[in-house]
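Structure first, commentary second.
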Amino acid sequence: ARDIAIPSFISIAVHLRDFFNSLWHEYMMPSDAPRRAPGKGISHVHSTFQKRAEARKERLLQVSSTVMTPKCLQKLAGALEFFISSGGKVDQLDRDAILGDPDNLKGDIATFIESLREVIKTTETNIENGQDYSVLELHRDLKKCYTEDVFEHEILKKMKISQRLDRILGKTLAPIHEVSCRGVNQSSIWGCMAAAIWARESKKKPYWPAIVLGILAPDDQKEDWHTSLTDRNEGRLPEKLRVDLKAAKRRAELGLKRQSSDLMSYFLVEFMGSHEFIWVKENDIIESFDPEEDVNVASAAGNITKRKRSTAFNTKQMTNAIEEGRWALEEFEIQLNNTCGDRSDDEDDFNDAGYTFDILCQSDDEADEMDGAGDEANESDIDERNELLASDGLLDFSIEGRKKAKARVLSLKKVKKERIVKEKERIVKE
3 ARDIAIPSFI SIAVHLRDFF NSLWHEYMMP SDAPRRAPGK GISHVHSTFQ
53 KRAEARKERL LQVSSTVMTP KCLQKLAGAL EFFISSGGKV DQLDRDAILG
103 DPDNLKGDIA TFIESLREVI KTTETNIENG QDYSVLELHR DLKKCYTEDV
153 FEHEILKKMK ISQRLDRILG KTLAPIHEVS CRGVNQSSIW GCMAAAIWAR
203 ESKKKPYWPA IVLGILAPDD QKEDWHTSLT DRNEGRLPEK LRVDLKAAKR
253 RAELGLKRQS SDLMSYFLVE FMGSHEFIWV KENDIIESFD PEEDVNVASA
303 AGNITKRKRS TAFNTKQMTN AIEEGRWALE EFEIQLNNTC GDRSDDEDDF
353 NDAGYTFDIL CQSDDEADEM DGAGDEANES DIDERNELLA SDGLLDFSIE
403 GRKKAKARVL SLKKVKKERI VKEKERIVKE
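Residue numbers 3 to 432, in the numbering used here, belong to the letters of the sequence shown in order.
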């Protein structure tokens, strides 16, 4: 499968293109579509507005269960405050103040504004109390503001308000959706994974580290994101491989249609190490992937023959696959902890003052000299920066490269810890 797999950077490029289109739709197009010329069909401009509406529906389905971070909620509250104070504009692209004078509100408009302020208050309360507030809950609360007991006879006003609030929501959700569509570097197609598991091709084959890229579940277990995840990753597969997998997918779909009490889900997996793709049945996977435990040895416990057979697969390829599975799991957990893309592990420690454009334009030697005269830079920092400069900022994701990267991180932590201890000793002496 690796010989015909497309390079993962193509998937990344397509992903960035889609994100650019989303940002263009929400940030560079006004809320209201221009009026159509009488007697003429749908123009390219109007079709773009239709595409934006369709993209919003799909995006909402995919990220509806995402819990928004405090930063995201603060940004949303600010956007709603501006919407109210500007008389109903999302930004300067909107020409009409559809709510009128914000200091002289009456009737349904006043009721609508009061409901909108309640949404703002809810977001602020959730931030203070650390309560979860999902995208679906936000969408529900915003929609209630202009659909419950208001604008019953003002359909046009309701439609305009809907378009404005949809755009505020669209600007909020575009980055969240981008994060949810990111793949992992351990996948040969930069696949967007749902889980790391142990999987096997059949009962005669050993379990192998794998990542889940697609899900076909029975109707009572099916969720909206299953389809979007599967479609997204199938779109990242090379055409020949996608066609080859269609037959297996069809068999899985037929299996789900059978009237049986023991219906099982099917999963599209990518095996680590070999990077082969296959649809497997639920009884051929072990959901909890632990890189420290060899499930083949564990499943053969008590049977000498099986134990000998299973240990035969503990080859270098299996070791490499387990390492890749470990890194995929680590990267996936980072994504899960940063669902809105606005959190950084080192944002408190990172000081960007030393990374100005002037310094980046200097040669390595000049930069090293400035670092030496600055904030007590050490050799490990300089080596790491020089390595990135020498490799055009590309990180080595091979097994050897990852080992070196981890060794550098441990070294940096050790140096930082020693520096803190020395600083404390200096303060005590003074």
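From the three backbone atoms N, C-alpha and C, an ideal C-beta is built for every residue, glycine too.
For His179, does the count of other Cβ atoms within 10 angstroms reach 16, so buried, or fall short, so exposed?
-> buried
Hey, how far is the Cα of Thr317 from the Cα of Gly275?
-> Computed Cα separation, rounded: 11 Å.
CB-CB under 6 Å to Ala314, same chain, minus the five flanking residues each way: which ones, in chain order?
-> Bear in mind that a pLDDT of 49 at Ala314, under 50, signals an unreliable position, so the number given afterwards is only what the model happens to contain. Excluding residues within five positions, none has a Cβ falling inside 6 Å.
Which residues share a DSSP beta bridge with Lys283?
-> Tyr268
Can you say whether His155 is buried or exposed, counting buried as having 16 or more other CB atoms within 10 angstroms of its CB?
-> Classification of His155: exposed, given that the 10 Å Cβ count is below 16.
Give a yes or no on whether the C-beta atoms belonging to Leu218 and Ser267 are separated by under 8 Å.
-> yes
Stretch pair the segment 194-213 + the segment 77-90: three plus CB contacts closer than 8 Å = no
Give the straight-line distance between the Cα atoms of Val121 and His17, rounded to the nearest whole angstrom.
-> 32 Å
For Leu338, does the count of other Cβ atoms within 10 angstroms reach 16, so buried, or fall short, so exposed?
-> exposed
Report all residues from its chain with a CB closer than 6 Å to the CB of Gln188; omit the five preceding and five following residues, and keep chain order.
-> Only residues of its own chain outside the window of five on either side were considered, and among them Glu326, Trp329, Ala330 have a CB closer than 6 Å to the CB of Gln188, listed in chain order.
Buried or exposed: where does Arg234 fall if 16 or more other Cβ atoms within 10 Å of its Cβ makes it buried?
-> Counting the other Cβ atoms within 10 Å of the Cβ of Arg234 gives 16 or more, which makes it buried.
Could you round the C-beta distance between Ser230 and Ser136 to whole angstroms and report it? I think they count as a contact, below 8 Å.
-> Wrong, their Cβ atoms sit about 17 Å apart, outside the cutoff.
Quick one: any contact between the segment 51-68 and the segment 148-162, if contact means 3 or more CB pairs under 8 Å?
-> no
Tell me where the beta strand (DSSP E) around Pro211 begins and ends.
-> 210-218
Quick one, are the C-beta atoms of Ile111 and Ile86 less than 8 Å apart?
-> no
Span of the beta strand (DSSP E) around Trp227 | Where Trp227 is concerned, there is no enclosing beta strand (DSSP E), although the alpha helix (DSSP H) it sits in stretches over 226-238.
Mind checking whether Lys146 and Ser117 have CB atoms under 8 Å apart?
-> For the pair Lys146 and Ser117, the CB atoms are nearer than the 8 Å cut-off.
Pick helix, strand or coil for Ala197, following the three-state DSSP scheme.
-> strand
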